[in-house]
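Take a look at the structure set out below.
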Amino acid sequence: MKPSIPKGTRDFSPTEVANRTYIMNTIKSAFETFGFQPIETPSFENSSTLMGKYGEEGDRLIFKILNSGDFLSKADENYLSDKDSLKVTSQISEKALRYDLTVPFARYVVQHQNEITFPFKRYQVQPVWRADRPQKGRFREFYQCDADVVGSKSLWQEVEFIKLYDTVFSKLGLLQTTIKINNRKILSGIAEVIGAQEKLIDFTVALDKLDKIGKEKVEAEMLAKGISEKAIEKVQPLFNFTGSNLEKLASLEQMLQTSKEGTKGVEELRFVINSIEELGLQSANLQVDVTLARGLNYYTGAIFEVEAPKGVKMGSIGGGGRYDDLTGIFGLKDVSGVGVSFGLDRIYLVLEELGLFKTVDLPKPKVLFVNFGENETLYAMKAIAKLRAENIKSELFPDNAKMKKQMNYANKREIPFVVIVGSREIENQEFTLKNMISGEQNNYNLEELIKELK
RNA sequence: GUGGUUGUAGCUCAGUUGGUUAGAGCGUCGGUUUGUGGUACCGAAAGUCGUGGGUUCGAGCCCCAUCUUCCACCCCA
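Numbering-wise, the working numbering comes out as the position in the first sequence, counting from 1, plus 982.
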């Protein structure tokens, strides 16, 4: 049998794990600096917790777990003979793999509401699974790094999350990322102005193509989707939406003045933009983008998305937003939440493409003891125990192999020092220490050896 | 879910209009060198050509199916 792993999954080599750990630790330490605390939730949840929370498309992408035992006997004969996959699935599968970290978190908040002090700031770094078709930067098993606050409606949280994004990407050396920001209330306002709530998605999708296909074709597409000419006329400012954030806000304000909700959205966005303007960012760019319509099903206020630096072809490396009623589905009303997610695997690919990993060192021993046989090994092991007690990473070559082979091993693993102990050294109670980079070698007693390797 | 793409040794890849026993480089292992690595030279092992069918006197090469890889759409991290 040829060994293989399921599509969309990956093995990670020691180097890759070292690099991933570096990214993860950078993100976690930033989370903690901002006052977030870690929680973890199970890798699988009850299907009822997950199903219906991500829209129809999302339900299709959730990995379902087959019930144990004789599960078919409990399935309805009619559904089986009709080959009704959807209905059969709900009868033979009660559990499903986690699809994101936000919904399990909402479940957690409701379930533990009496133990939680609000506002609750939690972070979570765990894998999630999606039955998607893999492609560039898209996997079926990948890590999300989420930070959310629940129980505060303050817009300062939005400001904090933008600062958090900026902090993390600056620390990773990933400069010139673009943090796009929008507000769901502005989208609702636009829908109100064009008089077509249900056409909103078609509208933003078409508008998003503006710089690719040009104004005429975008208008043609909108007309084709059933958006009236009059409506398009009303939102003309969006077609010349190129200025600074403040200019964009001004034209949005003008355009949405008849919509109460839209005006509220502009106000919220203006607060965030002004605050960031005042506080400054280290390396990221903040950009108002009205075509940003991600996760439209549950975001109610701010919407975020982070784009990799220009020139790197990669989908978003982070996203998030404000959801006023996520815990409502689980029976806890009026708990507003806002949060962001970092896509670990995509950040990895971007850092790799830009060659930003050179600083990450593989964990490896500092010194290798050559194995010369039984007597010498015992002498070496006693020394190794002492070195390890001094926190010096040391190991013994396990077999009495040829010198050449043992030296070669040290070379391949890039172990910087080799200790040679044969009968000569034992006689003099010393150690021959060889520097594998310079080739130099000297004899030391144990005390001196520790000093040299410290 | 739709469309395209890929698969030959551990890795990267050659392989002619279908024609004897499928090759190379790197890596691995052994030797030149049984107390000294990187270099050099010599040698060896390693492939049911993704899998299953089919066409043919004959298939790595042609046809069908299936799995896999990568990519685009959709959606998303």
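Heads up, the beta-carbon is just placed ideally off N, CA and C, and yes, glycines get one too.
Beta strand (DSSP E) runs contained entirely in the stretch 1057-1131, provided each spans 3 or more residues: 1077-1079 and 1102-1111
Classify Thr991: buried if its beta carbon has 16 or more other beta carbons within 10 angstroms, exposed otherwise. exposed
Span of the beta strand (DSSP E) around Arg1002: Taken as a continuous stretch (DSSP letters only), Arg1002 belongs to no beta strand (DSSP E), being part of the alpha helix (DSSP H) at Pro996 to Thr1015.
Pick from Asn1427, Tyr1330 and Leu1192: whose alpha carbon is nearest that of Phe1151? Tyr1330
For Glu1038, three-class secondary structure by DSSP: helix
Excluding the 5 residues preceding and the 5 following Gly1297 in the sequence, name in chain order all residues of the same chain whose CB lies nearer than 6 Å to its CB. Gly1119
Tell me the DSSP secondary structure of Gln1388 in three-state form. helix
Rounded to whole angstroms, what's the CA-CA distance from Lys1167 to Glu1038? Just pull it up for me. 23 Å
Mind reading off the beta-carbon distance from Arg1304 to Thr1282? Whole number of angstroms is fine, and I expect it under 8 Å. 6 Å
Roughly how many whole angstroms lie between the Cα atoms of Leu1261 and Ile1047? 47 Å
Inside the stretch 1382-1436 only - alpha helix (DSSP H) runs reaching at least 4 residues: 1385-1394, 1405-1410 and 1428-1435
Does Asn1001 pass the burial test, meaning 16 or more other C-beta atoms within 10 Å, or should it be called exposed? buried
Pull up the CB-CB distance for Asn1256 and Thr1160, whole angstroms please, since I reckon it's below 8 Å. At roughly 19 Å, the Cβ-Cβ gap does not stay under 8 Å, so Asn1256 and Thr1160 are not in contact.
What residue does the beta strand (DSSP E) around Lys1162 start on, and which one ends it? Thr1160 to Asn1165
What does the alpha-carbon distance come out to for the pair Ile1374 and Leu1231? 59 Å
Mapping the DSSP letters down to three states, classify Lys1046 as helix, strand or coil. strand
Cβ neighbours of Tyr1426 in the same chain (closer than 7 Å, five flanking residues each side left out): Glu1412, Phe1413, Leu1415 and Glu1434
For Arg1112, count the other beta carbons within 10 Å of its own beta carbon; 16 or more makes it buried, fewer makes it exposed. Which is it? buried
May I ask you to list the residues that DSSP assigns as paired with Phe1351? Leu1378 and Val1401
Where Glu1198 and Leu1182 are concerned, what is the direct C-alpha to C-alpha distance, given to the nearest angstrom? 19 Å
Reference Val999; option with closest CA among Thr1309, Leu1054 and Tyr1125: Tyr1125
Going residue by residue through the stretch 1226-1282, where are the continuous beta strand (DSSP E) segments of at least 3 residues, counting only ones entirely within it? 1267-1270
Report the residue from Lys1065, Asn1164 and Gly1133 whose alpha carbon sits nearest the alpha carbon of Val1272. Asn1164
Could you tell me whether the stretch 1228-1247 touches the stretch 1205-1214, using the rule of 3 or more Cβ pairs below 8 Å? no
Neighbourhood of Ala1284 by C-beta distance below 6 Å, restricted to the same chain and skipping five residues each side: Glu1140, Asn1165, Gly1303 and Arg1304
How about Ala1012 and Leu1157: do their beta carbons lie closer than 8 Å? no
Roughly how many angstroms separate the alpha carbons of Phe1100 and Arg1080, rounded to a whole number? 25 Å
Expressed to the nearest angstrom, what Euclidean distance is found between the alpha-carbon atoms of Val1132 and Phe1102? 5 Å
DSSP state of Phe1151 mapped onto helix, strand, coil: helix
Rounded to whole angstroms, what's the CA-CA distance from Asp1343 to Thr1003? Just pull it up for me. 11 Å
Under 8 Å by Cβ, that's how I've got Glu1372 and Lys1436 pegged, so tell me the actual separation to the nearest angstrom. 7 Å
Reference Glu1407, options Leu1378, Lys1035 and Thr1359, closest by Cα: Thr1359
Between which two residues does the beta strand (DSSP E) holding Glu1287 run? Ala1284 to Glu1289
Looking only at C-alpha atoms, which of Asp1148, Arg1042, Asp1316 and His1094 sits nearest to Ile1009? Asp1148
For Gly1177, does the three-state DSSP call read helix, strand or coil? coil
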